[in-house]
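Worksheet: the structure to be examined is printed underneath.
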Amino acid sequence: MAKKQTETPLTQAGFPDAHDILMNAPIGIFTSTPEGTFHSVNPALARMSGYDSPEELIESITDIAKQVYAEPADRDEFKNLMEEQGKVVNHECRFRRRDGTDFWVSRTAHAIRDETGTITHYQGFASDITERKKNEELMRILSCVSESESTMVVVTDAERRTEWGNETFWRITGYQPEEIIGKNPGVILQGPEPDLELKKRMTSALDAGEAFQCEILNYTKNNTPYWVHLEIQPVHNTDGSVEHFVAVQYDITDRKLADDAMRESEERFKALHNASFGGIAIHDKGVILECNQGLSAICGFSYEELIGMDGLLLIAEESRELVMNNIMADYEKPYEAFGVRKNGEEYPLRLEARNIPYKGKMVHVVEFRDISEQKRAEDALCESEARFRNLFEHVPTVAVQGYGMDGKTLFWNKASEMFYGFSSDEAVGKNIVDLIIPDEMRPDIIRKIKAMSENGMSIPAAERHLQRKDGSRIQVYSSHAIVQRPNQPPELFCIDVDLSELKQIEQALIQAKEQAEAANIAKSEFLSNMSHELRTPFNGIMGMMQLLQTTPLDDEQQEFVAAAIMSSGRFTRLLSDILDLSSIEAGKMVIFPAQFDLGELLESISDLFTVTARQKGIALECSLDNDVPAHVVGDAVRVKQILFNLVGNALKFTRQGMVKVHQSALSAAKGGDVRIMFSIADTGIGLPEDKLNDLFQPFTQVDGSYTRAHQGAGLGLVIVRRLVALMGGNIVVESAVGQGTTVHVVLPFTLPIRDVSTTALAAPAPGEAKKNLNILLAEDDPLNQLFMQSIL
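Residues in the sequence shown are numbered consecutively from 828, following my numbering.
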């Protein structure tokens, strides 16, 4: 800071000395060293630079070039001028304030030298010309745009009254100068319904003498709307007050219309975007820029979470390399990968990407499709196909061939290898016609295959003599089916059953049938005659005995008559059993399937035998499992005949305890929908093991003596066994002496929803009885071993 000056006559007279004048001057005054530091400054320069005092400015500035000059090159220019000329006049440059903002100064300075001519100091004045520079720039711009054909310029006074407008302004607005000069242009141009909020902000800025800019909707004189970008710049007086406002307006109507169209297009696109059934994401280098609600629904992240997210986070780790490679290769075909949801669940995904222009650059748009349901369906279909192909492959008696519409073989199971002699390797890829169709049949088969491929109608099933590899023929029953597969051409299947053995059996059966029919005619005539001859006299005997009961008899005579009637009834039942057995053996017994109620069957057993059980003091229980169907299709009369015989036997041979009748369902066997097991268990006398094998022999009793306690001809169980065999079932007996007997009868039935053939089933011929018993139970049936031991 400058040293205190000694008093002079002027100061003694009350005038301020030169130092006080310089320190209080309104312009900046400084002394600096050539090295770039201030020696002294006055308060005006300190205020210009943003400091509170000269001392603070001097202490803060250690390098004028770096800390004061906005452009350090201006300091070098200043020093060069001082060294060359010793002074500068009106040198303009930009200084930097303490807060980092720039301001313009105009400097006048000279150099102070010592006795050797070396510059020791710079002294000078600095004036703040920032506002002048702004006004000059404004006027420069104004001069550039005043005659522009697209830029409107209006100059107003401080009260915003129009003083001047360029030709472009009058041409675009349609007004004449006299219609707007002296008036506020905003009031006229903004129309009857201006944007009040925008108007409020504009007024506030202009009242404060500040610049303002915005986009605003104006109207021409004939009320045509147009958009402008408005920039209002105040022009200040030297005292800082506003002298004028210069408003520059750029017509942006075309851009606004384009923006509106773009906005409408974007909204329409977004609506369609969100209506997509899949997820859509637009990404740039993996970062999601935009997405639809479908993507949010698929992955579980909200729209806000997805925007800006790395798209690879939506892909499971094992698929990320594949997805990255496809993105880098601009792969645009659909492909499958695995996605991961917000909860960590992985799911199968189909992706398809495209390159599109988006906001001025090329980006990727990716469609996400959750194919979980499709994959589950495909897996189920593949599992089903594999199961049935495995079944077809291992069925030994049915030859299955699959081939395409062109006749080329696609599938050849092991039975086909056995039937025709070609291995699977030999057959697959060859035309089915060339493999097994004889020459004389080829034209017809080729025509039928073509018709099947064209109209979808299968070749009619028929018996055919096809050709083996060695040229021999095999007689088969051949049927065809067309299998439609999703997204694949249909596949044709041919199913052949070897008829050779069946034909031999059929021939043998025809001969046996003819022989049996001849024998049965004679037998039937004999049985008919015997039935008539035996029943007629016994009906007379029974009638006389019943009439005799109505006459006065003593107790002993009544007992004799009752015994005679009982014996006659027993003889009649025996005769019926003999006729039933003869009918079965002669193949005349028929089965008539019809729908019936299994529950009602149990009720009929209970109704019939409850009185007998109560008289003997025995409990009779009838029950069935919950999984037993309510209704089945079978011959209810024969089922009752079987059960009535077995329950009657159980009650006959039980002195105390109980008899249980129970129904349960078993898995279906070949030829039926369901198998029902009827179990009749008693606590009776039981059977010795050595008598089980004779149990189902005609006219056989466990106790064969004439003094046995239980009467009977031994035909009931024989008829039961034959009826069970006739109905395709099986029977097993478990028994122990003194502990009781349990008989299991398993019968197949169909369910009502299926068509039931009404064709009668003939009873097996006598020579077939043993063969039928051998197939009553499947080899893997748990009752088979017991059945084979106890029955056969």
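Yeah, the Cβ is synthetic: ideal placement off N, Cα and C, and Gly gets one too. Keep in mind it's a predicted model, so treat the numbers as computed, not measured.
Under the 8 Å Cβ criterion, the segment 1142-1151 counts as touching the segment 1164-1179, having at least three qualifying pairs. For N917, the secondary structure class from DSSP, reduced to helix, strand or coil, is strand. Judged by their CB atoms, G1484 and I1445 are nearer to each other than the 9 Å cut-off. Per DSSP, the continuous beta strand (DSSP E) segment holding R940 begins and ends at 929-940. Straight through space, the alpha carbons of P881 and K906 are spaced by roughly 23 Å. Per DSSP, R1548 has no beta-bridge partner at all.
Under the DSSP definition of a beta bridge, N1557 partners with V1573. A residue is called buried once 16 or more other Cβ atoms fall within 10 Å of its Cβ, and R1214, having fewer, is exposed.
In chain order, A1226, V1303, S1305 place their CB closer than 6 Å to the CB of D1323, counting only its own chain and leaving out the 5 sequence neighbours on each side. L1473 is a Cβ neighbour of V1572, given a cutoff of 9 Å. Counting along the chain, the unbroken alpha helix (DSSP H) around K1026 starts and ends at 1023-1034.
Ranked by how close their Cα comes to the Cα of G1298, the residues A1278, L1326, P1265, Q1201 have P1265 in first place.
Note that the segment 1549-1566 does not touch the segment 1438-1452; fewer than 3 beta-carbon pairs, one per stretch, sit closer than 8 Å. Using a C-beta cut-off of 8 Å, the segment 1277-1296 makes no contact with the segment 1197-1204, since fewer than three inter-stretch Cβ pairs fall below that distance.
About 5 Å separates the beta carbon of V1193 from that of A1180, a gap short enough to meet the 8 Å contact definition.
Around the Cβ of C1321, a 10 Å sphere holds 16 or more other Cβ atoms; the residue is buried.
Residues L1139 of the same chain have their beta carbon placed closer than 7 Å to that of R1147, with the five preceding and five following residues left out of the count. Excluding sequence positions up to five before and after L1057, its CB lies within less than 7 Å of the CB of Q1040, C1041, I1043, A1074, Q1076, all in the same chain and listed in chain order. With a 10 Å radius around the Cβ and a threshold of 16 neighbouring Cβ atoms, M1189 comes out exposed.
For D1424, the pairing in a beta bridge is given by DSSP as H1458.
When Q1228, M1232, D1233 are compared, the shortest CA-CA separation from K1241 is found for Q1228. The alpha-carbon separation between C1118 and A1085 amounts to approximately 24 Å.
Secondary structure within the segment 854-905: the alpha helix (DSSP H) runs of 4 or more consecutive residues, fully enclosed, are 870-876, 881-887, 891-894 (chain order). Taking a C-beta distance under 9 Å as the contact criterion, P1004 and G1013 do not qualify as a contact pair. The alpha-carbon separation between G1556 and L1574 amounts to approximately 4 Å.
CA-to-CA, the gap between L1237 and A1495 works out to about 32 Å. Linking E862 to P899 through their CA atoms gives a straight-line distance of about 14 Å.
Spatial neighbours of P1052 in its own chain (CB-CB distance under 7 Å, excluding positions within 5 residues in sequence) are listed in chain order as L1044, Y1046. A distance below 9 Å separates the beta carbons of V1486 and L1447. In the DSSP assignment, T1568 is bridged to S1562. Under the three-state reduction of DSSP output, R924 falls in the coil class, being neither helix nor strand. Under the 10 Å beta carbon count, P1175 is surrounded by 16 or more other beta carbons and is classified as buried.
Between L1023 and C1126, the alpha-carbon positions lie close to 45 Å from each other. DSSP links Q1294 through a beta bridge to R1300. In the DSSP assignment, Q1468 falls within the alpha helix (DSSP H) that extends over 1463-1479. With contacts defined as CB atoms closer than 9 Å, G1511 and F1471 fail to qualify as a contacting pair.
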